[in-house]
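K.L.:
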């Protein structure tokens, strides 16, 4: 919006997307088990690994991966040095704010892609597909508007994204 600081706008929407995606994952969490989802994936061609503190890629079952991602993002959202909530000198957004957002959006996208590829049947059974599709469309449009996702990252959902265009 015209009179809103862009970083504020990005921060507020990131907070909302995090909460909405967390709620959607909560809907299917009972079905996303280490037995049913031993690998965090989005279809047969896309497996996601967690990068640990030593910069090593580690494969986790989807529920553990999602837990790590959501915990990491929640910690960032609560970190005043990343997402400042006060309007005072020294309480600005960090210089690498966009870089941090890109990482957040990549991880949130992976969770959405996993929900679609591995649990869409449950979403249909619960009659939540309209809500999920609306959330996904909003997320993709917002991420594209502010260049928060690399095009190659979108590949597992390219067919659905093409339908939205």
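In the numbering used here, the protein residues as written are 495 to 659.
Cβ atoms here follow ideal geometry from the backbone N, Cα and C, with glycine treated the same way.
Everything numeric in this text was worked out from a predicted model, so none of it was measured.
Tell me the DSSP secondary structure of residue 597 in three-state form.
P.N.:
It is helical.
K.L.:
Between residue 556 and residue 592, is the Cβ-Cβ spacing less than 8 angstroms?
P.N.:
No, the Cβ-Cβ distance between residue 556 and residue 592 is not below 8 angstroms.
K.L.:
Report the residue from 540, 516, 586 and 538 whose alpha carbon sits nearest the alpha carbon of residue 561.
P.N.:
The shortest C-alpha separation from residue 561 is found at 516.
K.L.:
Looking at C-alpha atoms only, which residue of 597, 522, 586 and 545 is the closest neighbour of residue 508?
P.N.:
Measuring from the Cα of residue 508, the nearest candidate turns out to be 597.
K.L.:
Could you give the uninterrupted runs of the alpha helix (DSSP H) lying entirely in the region 500-549, keeping only those of 4 residues or more?
P.N.:
With a minimum length of 4 residues, the continuous alpha helix (DSSP H) runs that stay inside the region 500-549 are 500-522.
K.L.:
Count Cβ pairs between the region 528-546 and the region 608-619 that sit closer than 8 angstroms; are there 3 or more?
P.N.:
Output reads yes: the region 608-619 touches the region 528-546.
K.L.:
Secondary structure at residue 552, three-state DSSP: helix, strand or coil?
P.N.:
Residue 552: strand per DSSP, three-state reduction.
K.L.:
Cα-Cα, which of 656, 646 and 619 is closest to residue 630?
P.N.:
Selected option, being the one with the closest Cα: 656.
K.L.:
What three-state label does DSSP hand residue 579 in the structure shown?
P.N.:
Correct three-state label for residue 579: coil.
K.L.:
Rounded to the nearest angstrom, how far is the Cβ of residue 512 from that of residue 595, given a contact under 8 angstroms?
P.N.:
Contact flag wrong, Cβ pair sits at about 11 angstroms.
K.L.:
I'd like to know whether the C-beta of residue 578 is nearer than 8 angstroms to at least one C-beta of chain D.
P.N.:
Protein chains in the displayed structure number just one, and chain D is not present.
K.L.:
What residues in its chain sit with their C-beta under 8 angstroms from that of residue 545, if we drop five residues either side in the sequence?
P.N.:
Once the five neighbours on either side are set aside, the close Cβ partners of residue 545 are 551 and 552.
K.L.:
Short check: CB of residue 599 to CB of residue 642, under 8 angstroms?
P.N.:
Going by C-beta atoms, residue 599 is nearer than 8 angstroms to residue 642.
K.L.:
Using a 10 Å radius around the Cβ and a threshold of 16 neighbouring Cβ atoms, would you call residue 660 buried or exposed?
P.N.:
Residue 660 falls outside the range modelled here, since the chain spans only 495 to 659, and no answer is possible.
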